[in-house]
Structure formats: C-alpha cells, structure tokens
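Asks: Mapping of the sequence shown onto the numbering used here: residues 122 to 217, in sequence order.
Each residue gets a CB set at the ideal place from its N, CA and C atoms; glycine is no exception.
Note that this is a predicted model, so its numbers are computed, not measured.
Right, I'll just put the structure down here and ask away after.
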Amino acid sequence: MTDSAEQDLVDIWCFIAQDNRRAASKLIREIEGRFATVQAHPEIGPRRERLAPGLRAHFHRDYVLYYLFTDEEVIIVRVVHGARDVRALTFDEGTQ
Numbered sequence: 122m123t124d125s126a127e128q129d130l131v132d133i134w135c136f137i138a139q140d141n142r143r144a145a146s147k148l149i150r151e152i153e154g155r156f157a158t159v160q161a162h163p164e165i166g167p168r169r170e171r172l173a174p175g176l177r178a179h180f181h182r183d184y185v186l187y188y189l190f191t192d193e194e195v196i197i198v199r200v201v202h203g204a205r206d207v208r209a210l211t212f213d214e215g216t217q
C-alpha cells in the first residue's frame, strides 16, 4: 500500500468519526477486507488507464480502491470517495 493510500484511509476515518467513530472503524475494516479480494483476484477491477498506466479500480460502497498489480504483488495506490474528482489526484506513487 502506498503512503497516499494509507493517508486516504486515515482521512476517511477522521471524516466519518466526526459523527460516528464506530461506523468509521467498521468502514475501514470493510475496505481493508476488499484489499484481500483484490489481492486474490487482481484482474477483478476495471482498468483505469486514463488515470495511470496499468491502474485498476475496485468498488466498495461509495469508495473506490485504485490499485496496480504485477505477477508478484498488488499495490493499493489510492482509496477515495467515488464522488471525488480523481483527475486532480496523483496515481504514480505505485509505479515507481
């Protein structure tokens, strides 16, 4: 997981926890559970080549997990709300 993805999770938790800490923690656990799905089936997500070469997306509730994969690993690049304008985000951290 990239530093950006880790920070995304912190930001998501902090935002939701303002109203409900338990719900925030539950959502983060659910999203982290999706990481296992992506690792087990990396081709499951549709390609998002317009954002970055090799980038794929996997969806959970209102959130999108952006990731890259090779034969050896899956890299979670970003985790963002689906309504967010992703054109302003960077996705190159996982490609280096």
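Please name the residue, chosen from I137, F180, G175, that lies closest to F156 on a Cα-to-Cα basis.
Replies: Position 35 of the sequence shown, counted from the first residue, corresponds to residue 156. Minimum Cα distance to F156 is reached at F180.
Asks: Roughly how many whole angstroms lie between the Cα atoms of P142 and Q128?
Replies: To locate residue 142, count along the sequence shown from 1; it is residue 21. To locate residue 128, count along the sequence shown from 1; it is residue 7. Here the sequence assigns Arg to residue 142, which means Pro is not the residue at that position. Those two C-alpha atoms are separated by around 17 Å.
Asks: In the DSSP output, which residue or residues are listed as bridge partners for H162?
Replies: As a position in the sequence shown, residue 162 is number 41, starting the count at 1. Partner(s): none; H162 has no beta bridge.
Asks: Indicate whether the contact test is met: 3 or more Cβ pairs, each with one atom in the stretch 132–147 and one in the stretch 167–177, closer than 8 Å.
Replies: no
Asks: Could you say which of H162, Y188, A173, A209 lies nearest to V200 if we only look at CA atoms?
Replies: On the sequence shown, residue 200 is found 79 positions in, with the first residue counted as 1. Measuring from the Cα of V200, the nearest candidate turns out to be Y188.
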